[in-house]
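A.B. asks:
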């Protein structure tokens, strides 16, 4: 086999072996990254894990805690997933059925799913450039995408959303190219799965509808033009055919989401909760946790145009920074050069439309959720496409410099910069992972920081076991984490003044308030012993895993 053949043109069997090799490499990296992680660590992952556990226990989609007041439920134990979509919990539940309830079992399907986006990166790169070196580097970059390595194996929507959106964008291109019914049905199924993973998965419909319009307009131009004989290989498509394809996609979509819509309709008389739309009217992210604040157009406009515009500009900068950060900034210029070069490639047309729609929707509509990890979650689906574009972008820059520096050997320089910049991404990713997972706040601590997060709730649970009833309700800053460690009911401390907090406590009959280093501003004087309140009695005080104070207050009636 010649060197050129090994770089540029593998036979089909070699390509299959390449795809298997990419998957095994990614699976190995994901497994090694997952092993040190022994608990969910952060808010979203705790939530999905807890719901999956309730599914396994036969309780259905139920939460025994309240983590926001967008749709303030009447009781603490209530129907879950009125704000977040359910697919991640369903995936973890399937694993629990096979392996039993444990964090390791929860990780397994996400390790597998997150091993597939690098395969998409290889497939897409090779399909466009027919170069194995480009394809392998795109796969490696996707495998080691900085900031994401620590999240892929968590029971969250990073992995399922990245996979379903990536596949959906690819099947859109195949539908455009092949014009076969199966690809339109597949696209609908994948849009449904994407929506079941994250609410913004529904934005894929924008790309799909634009694709249908493009097919119809393009073929009308062919059929109406004077020289149809110039393109006899193209079958013209009528409006009825496009409508049929749309119907297939909608049918595929409904196969996935209709059961969920039916469940919601039975619960609240609508296919989707209004909680998501209320976030459009947030004036700060803390408003999500306010009980008494009205979230509607009137209250939003009362904020004033200065505040509204400033929030949009801030979100625009933040969300762009998320995308640039996913490329580790140093790859961003070459990625954008590559994207410009690919602007006429149909493989990328659905991606361009989806990426633009996502950015605009996150910035202009879901402004505050986007700046609190929503954009980070959604950007994971863009990674294979961004990294595929980055590799040829590197070559373009090197070629431009080589023309102006006669001493450069372009072929050698291209290899050096491709491998060098990829190596930088890998090293940064490993550093970020090690800081997040292995770093300890105390020099002599043996347990990694990741596995010590929120373990102070274990001490709270021990105290409650000795001093309170099994049903004692607490107010706490992180109800999903608290429930994970204690299996006791909890409600989030509302973002209100202290009298408002006590009113919410009375509404839900809360018995204790757990005050931690991370707390609402109105409780700051209480936490720092600068003030007291007659309805709050300090019952216990101890240190959490970081050495910060946790205070348990009894709530007087």
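In the working numbering, the protein residues as written are 119 to 675. Cβ atoms here follow ideal geometry from the backbone N, Cα and C, with glycine treated the same way. If you're wondering where the values come from, they're calculated on a predicted model, not measured in any experiment.
(1) Residue 441 to residue 496, Cα distance in whole Å?
(2) Three-state secondary structure (DSSP) at residue 190?
(3) With the cut-off set at 9 angstroms, would you say residue 622 and residue 539 are in Cβ contact?
(4) List the residues that DSSP assigns as beta-bridge partners of residue 667.
(5) Assuming residue 635 and residue 613 make a contact with CB atoms under 8 angstroms, what is their CB distance in whole Å?
(6) With H, G and I counted as helix, E and B as strand and the rest as coil, what does DSSP make of residue 630?
(7) Could you tell me how far apart the beta carbons of residue 287 and residue 325 are, in whole angstroms, since I believe they sit closer than 8 angstroms?
(8) Compare the beta carbon distance of residue 198 and residue 212 with 9 angstroms and say whether it is the shorter of the two.
(9) So, is residue 283 buried or exposed, given that buried needs 16 or more other C-beta atoms within 10 angstroms?
(10) Grouping DSSP H, G and I as helix and E and B as strand, with all else coil, what is residue 263?
(11) May I ask you to list the residues that DSSP assigns as paired with residue 183?
(12) Sorted by chain position, which residues of the same chain lie with C-beta nearer than 6 angstroms to residue 328's C-beta, five sequence neighbours on each side aside?
(13) Give, in chain order, every unbroken run of the alpha helix (DSSP H) that is at least 4 residues long and sits entirely within the segment 480-507.
(14) What's the C-alpha gap between residue 169 and residue 368?
(15) Give the range of the alpha helix (DSSP H) segment to which residue 283 is assigned.
(16) Beta-carbon within less than 8 angstroms of residue 154's beta-carbon, same chain only, minus the 5 sequence neighbours each way: which residues are those?
(17) Could you give the DSSP three-state label for residue 617: helix, strand or coil?
(18) Give me the DSSP bridge partner(s) of residue 656.
(19) Go through its chain and collect everything with a Cβ distance to residue 348's Cβ below 6 angstroms, but skip five positions before and after it.
(20) What I want to know is whether the C-beta of residue 426 ends up closer than 8 angstroms to one or more non-hydrogen atoms of the ligand MN.
(21) Mind reading off the beta-carbon distance from residue 591 to residue 609? Whole number of angstroms is fine, and I expect it under 8 angstroms.
(22) With a threshold of 7 angstroms on Cβ separation, who are the neighbours of residue 670 within its own chain once the five nearest residues in sequence on each side are excluded?
(23) How many Å lie between residue 598 and residue 158 at the Cα?
(24) Please determine if the segment 255-262 and the segment 141-155 are in contact, where contact requires at least 3 C-beta pairs separated by less than 8 angstroms.
(25) For the alpha helix (DSSP H) that residue 534 lies in, which residues bound it at each end?
(26) Restricting to runs no shorter than 4 residues, where is the alpha helix (DSSP H) found entirely within the segment 350-425?
(27) Within the same chain, show all residues whose beta-carbon is closer than 7 angstroms to that of residue 166, passing over the 5 residues directly before and after it, in chain order.
(28) Pick out whichever of 266, 521 and 320 has its Cα sitting closest to the Cα of residue 543.
(29) Nearest-angstrom Cα distance between residue 604 and residue 187?
(30) Per DSSP, residue 197 forms a beta bridge with which residues?
(31) Assuming residue 594 is part of the beta strand (DSSP E), what are its boundary residues?
(32) Report all residues from its chain with a CB closer than 6 angstroms to the CB of residue 653; omit the five preceding and five following residues, and keep chain order.
(33) Where residue 484 and residue 546 are concerned, what is the direct C-alpha to C-alpha distance, given to the nearest angstrom?
(34) Going by C-alpha to C-alpha distance, which of 330, 133 and 277 sits closest to residue 296?
(35) Since residue 359 contacts residue 486 with CB under 8 angstroms, what's their CB separation in whole angstroms?
(36) Mapping DSSP to helix, strand and coil, what is residue 448?
C.D. replies: The relevant details are as follows:
(1) Approximately 10 angstroms between the Cα atoms of the pair.
(2) It is coil, neither helix nor strand.
(3) No, these two residues do not count as a Cβ contact at 9 angstroms.
(4) Note: residue 667 is bridge-paired with 661 in the DSSP secondary-structure output.
(5) The beta-carbon separation of residue 635 and residue 613, rounded to 17 angstroms, does not stay under the 8 angstroms limit for a contact.
(6) The answer is strand: DSSP assigns residue 630 an E or B state.
(7) Cβ atoms of residue 287 and residue 325 come within 8 angstroms of each other, at about 7 angstroms.
(8) Result no, Cβ atoms of residue 198 and residue 212 do not sit closer than 9 angstroms.
(9) It counts as buried.
(10) DSSP, reduced to helix, strand and coil, places residue 263 outside both helices and strands of the structure shown, so it counts as coil.
(11) Per DSSP, 608.
(12) Correct list, in chain order: 471.
(13) Whole alpha helix (DSSP H) segments, 4+ residues: 493-497.
(14) Rounded to whole angstroms, the gap between the alpha carbons of residue 169 and residue 368 is 28 angstroms.
(15) Run containing residue 283: 276-296, per the alpha helix (DSSP H) assignment.
(16) Excluding sequence neighbours, residue 154 sits near 555, 556, 566, 568 and 569.
(17) Helix.
(18) Paired residues: 671.
(19) Per-residue confidence for residue 348 stands at a pLDDT of 43, beneath the threshold of 50, marking its modelled position as unreliable; the derived number appears in the next sentence. So no residue of the chain qualifies.
(20) Ligands displayed in this structure: none; no statement on the ligand MN is therefore possible.
(21) The pair is a contact, with the Cβ atoms about 7 angstroms apart (cut-off 8 angstroms).
(22) Closer than 7 angstroms at the Cβ level, and outside the excluded window around residue 670, lie 578, 581, 630, 632, 657 and 658.
(23) Cα to Cα, the separation comes out at about 10 angstroms.
(24) With the rule of 3 Cβ pairs closer than 8 angstroms, the segment 255-262 counts as touching the segment 141-155.
(25) From DSSP, the alpha helix (DSSP H) with residue 534 extends over 528-555.
(26) Counting whole runs of 4 or more residues, the segment 350-425 contains the alpha helix (DSSP H) stretches 357-386, 393-396 and 415-419.
(27) Excluding the 5 residues flanking it on each side, residue 166 has same chain C-beta neighbours closer than 7 angstroms at 206, 207, 210, 273 and 274, in chain order.
(28) The shortest C-alpha to C-alpha distance from residue 543 to any of 266, 521 and 320 is the one to 266.
(29) A direct Cα-to-Cα measurement between residue 604 and residue 187 gives close to 22 angstroms.
(30) Partner(s): 180.
(31) Segment 592-594, the beta strand (DSSP E) holding residue 594.
(32) Here the set comprises 620 and 674.
(33) In this structure, the alpha-carbon of residue 484 lies about 30 angstroms from that of residue 546.
(34) Of the residues 330, 133 and 277, the one whose Cα lies closest to the Cα of residue 296 is 330.
(35) Not confirmed; about 42 angstroms, so no contact.
(36) When secondary structure is reduced to three states using DSSP, residue 448 falls in the coil class, being assigned neither helix nor strand.
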